[in-house]
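Inspection log for the structure reproduced underneath, given as structure tokens.
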Amino acid sequence: MPMSMVAIAGIVAVPLIILGTWQAIDSPAAFDRFAGRYLLAALATFFLTVLAIKNAQRRARHGVRSLHRVIRRIESGDHVGPIDSFPEPEFQRMAETCAVLGERLVRAENALTELRERFRIEMSRYESVVEQLQMSNYNLSAESGALHALGTVLSRDLGTAQICSELITNLAAKIMHSHAAVFLYDKDHSELIPRAIRDPQNPVPLVGDFLGQLPTGDHAVRAVSHQAAQSGRSYCIADTHADPRCADVRPETRSVLIVPLRASGSVTGVVQLEHPHRNAFDPSDQRVAQSMATTAAVAIENVLLIQNTAELHALQKIDRLKTDLLWTVSHELRTPLASISGYADTLLRKDVEFAERDRRDFLAIIVDECTRLNDFIEDLLQMSQIEAGILKVNRQSMRIDPIVERIVRSEQSRTTNHTIVFDQRGPLPALNADEKRVTQVFRNLIENAIKYSPDGGTVTVRGDVIGNEAVFEVSDQGIGIAAIDIDRVFERFFRAEAKAVRNAGGTGLGLSICRGIVETHGGRIWVESRQNEGSTFRFTLPLAQKQVIRVNSQEEPQ
């Protein structure tokens, strides 16, 4: 028996023991008569108390075990099963409280499970979005790199055909297709002409105006391509066999993507991609093709703008040259023709008798004017040969010193108002040049110096050797050249606006012919001048590489 139970029973029997003890002190006789009864009552009380305690413990253990079973059942997940009845209200309330907590736990678990499922769905959706964003970012980065590469290539000095070729080459690296072609408008902007083609038989793009004559170059989807060019919008045809606009496409083609070449609001052409399967092109392909087409369109527009500007400048230059030519020809022809006509009419008069000397003088003037006309016509023909690049020069090794001396003497004999000096600093080596053409250069420069020098002025001719070139200069003490005209003095028909220049006359071809002759020999010509301080014209000619010069009947290698 547990000591706690004995202690409790002893405590219950204490009152009887006290009562018996008091009776024994107060009335021993009565105590003796009732002692057995007192003892029996105490023992009975003791044992009854023990039994009562044991019963209470049994019932408490039963309630605890039942409550423990309810808790274990709730713990195992059975939150909705029946609850055992308890004789004690406290245990009944505790069981009911545990059942309520179980129901709350069920609801909490259900809510948590639902929350976890929603979280899983949201995470899956988030991961899908992130994956799509990463893929889009990768595609955009790849597209940006491709556009940058295409833009770098197109930034070079390319023609329209090369730009079209680069466009379809770069498209082949980004979009799967079997055939590709770029069509540009003609000059009248009325017809699309193929300028670049790529197909399985021609992996390297074919470019050029001849493509329109090839069968492979005549498969544009005419109806759709013209719509794309006119509207400036892209067209993606998923099935050409089901689209009546694609009657002129090649039979093996099932999908077509047509994108306009559009820049600054204008369309210069279209690019067409073909594929043998249906639904071959998606929106990303269309976006990439449009971006590349726009980049190419900007480059093509710049080329066309440069070409148009160059053509405009060329037309303006041609118009200016035509005006200068007409003015020069009319002016240069009028004076000698007037002289020839006047003297010829005079000689033909029958009412006047001329002396033989006068008649010969008149005829000499006519001959001089005819020579002047012939020289002018020869200058025009020579200038046209220079411009066409067909001026012929007969290069040979020659000594330049005696040629320059002869020219100086000849020009000095034709003027009494100027002094011409050949400042020779020693013998010059042989040149590899055409004697006739070089003589013409010296004569033109000396005559030009005389023309623009005041009376009494000196014209100096010098020669020297620098490296493998001979450098010559012709300087004067004339009116000089304004700084604004320095860069134009060698242009055809150019005449400065100064009054003295206009009064001096001339065709404006002499210096241009000099430049053409010198450059044809592989030399250079330039001028140094300041207004009212004279001018110095310099030019170079190549030395003979291997030469044998005769001096005093002896051969001396140079």
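Everything in the sequence shown is counted per the numbering used here, starting at 105 for the first residue and increasing by one.
For glycine and all other residues, C-beta sits at the position ideal for the given N, C-alpha and C.
{"Item": "Contact under 8 Å by Cβ, V328 with Y339", "Value": "yes"}
{"Item": "Whether I673 touches L310 by CB criterion (8 Å)", "Value": "The structure shown has nothing for residue 673, since the chain only spans 105 to 662."}
{"Item": "Cα-Cα separation between F385 and T413, rounded to whole angstroms", "Value": "39 Å"}
{"Item": "Assigned exposure category for V374 - 16 Cβ within 10 Å defines buried", "Value": "buried"}
{"Item": "Contacting residues, own chain, Cβ-Cβ under 8 Å from R463 (five flanking each side not counted)", "Value": "L451"}
{"Item": "Every unbroken beta strand (DSSP E) within the segment 436-515, with a cutoff of 3 residues, ordered by chain", "Value": "500-502"}
{"Item": "Beta-carbon proximity list for L361, same chain, < 7 Å, skipping 5 on both sides", "Value": "C340, L377, F385, D389, Q390 and A393"}
{"Item": "Buried versus exposed call for S232 [16 or more other C-beta atoms within 10 Å across all chains shown]", "Value": "exposed"}
{"Item": "Strand pairing of C618, partner residues [DSSP]", "Value": "DSSP lists no partner for C618."}
{"Item": "Collapsed DSSP secondary structure at L373 in the structure displayed", "Value": "Position check: residue 373 holds Gly in this sequence, whereas Leu was assumed. In this structure, G373 counts as strand in the three-state DSSP scheme."}
{"Item": "Close beta carbons around N214, own chain, < 6 Å, minus the five adjacent residues each side", "Value": "none"}
{"Item": "Contact between the segment 615-634 and the segment 547-554 (3+ Cβ pairs under 8 Å)", "Value": "yes"}
{"Item": "DSSP three-state assignment for T644, whether helix, strand or coil", "Value": "strand"}
{"Item": "Distance between F223 and V204 (C-alpha atoms, nearest Å)", "Value": "28 Å"}
{"Item": "Own chain residues within Cβ distance below 6 Å of C268, not counting five before or after", "Value": "V286, R299 and A300"}
{"Item": "Endpoints, beta strand (DSSP E) assigned at E573", "Value": "E573 to S579"}
{"Item": "Between the CA atoms of A397 and E491 - distance to the nearest angstrom", "Value": "40 Å"}
{"Item": "Length of the line joining the Cα atoms of F641 and S488", "Value": "23 Å"}
{"Item": "E473 versus P440: straight-line alpha-carbon distance, rounded", "Value": "5 Å"}
{"Item": "Buried versus exposed call for H417 [16 or more other C-beta atoms within 10 Å across all chains shown]", "Value": "exposed"}
{"Item": "Proximity to H283 [Cα-Cα], best of D347, M239 and E356", "Value": "E356"}
{"Item": "N-terminal and C-terminal residue of the beta strand (DSSP E) that E270 is part of", "Value": "Looking at the DSSP string, E270 is not in any beta strand (DSSP E); the run it does join, the alpha helix (DSSP H), is T264 to K278."}
{"Item": "E295, DSSP secondary structure in three states", "Value": "coil"}
{"Item": "Helix, strand or coil at D559 according to DSSP, with G and I counted as helix", "Value": "coil"}
{"Item": "Range covered by the beta strand (DSSP E) that runs through L365", "Value": "S359 to A367"}
{"Item": "Contacts around T320, its chain only, beta-carbon distance under 7 Å, and the 5 residues preceding and following it disregarded", "Value": "At T320, the pLDDT of 49 sits below 50, so the modelled position is not reliable and the matter cannot be decided from this model."}
{"Item": "Cβ-based neighbour list, G584, same chain, cut-off 8 Å, excluding 5 preceding and 5 following", "Value": "S633, R634, Q635, N636, E637, G638 and S639"}
{"Item": "Short Cβ contact (8 Å threshold) for T644 with R619", "Value": "no"}
{"Item": "Where D449 falls, given that 16 or more other Cβ within 10 Å makes a residue buried", "Value": "exposed"}
{"Item": "Start and end residues, beta strand (DSSP E) containing D538", "Value": "That residue, D538, is in no beta strand (DSSP E); it is neither H nor E in DSSP."}
{"Item": "Given F466 as reference, the closest of T264, L485 and I444 once Cα atoms are compared", "Value": "I444"}
{"Item": "Proximity below 8 Å, CB of L647 to CB of A574", "Value": "yes"}
{"Item": "H522 burial status per 10 Å Cβ neighbour count (16 or more: buried)", "Value": "buried"}
{"Item": "Residues that L155 bridges to, as DSSP identifies them", "Value": "DSSP output for L155 lists no bridge partner at all."}
{"Item": "Which of helix, strand or coil DSSP assigns to A333", "Value": "helix"}
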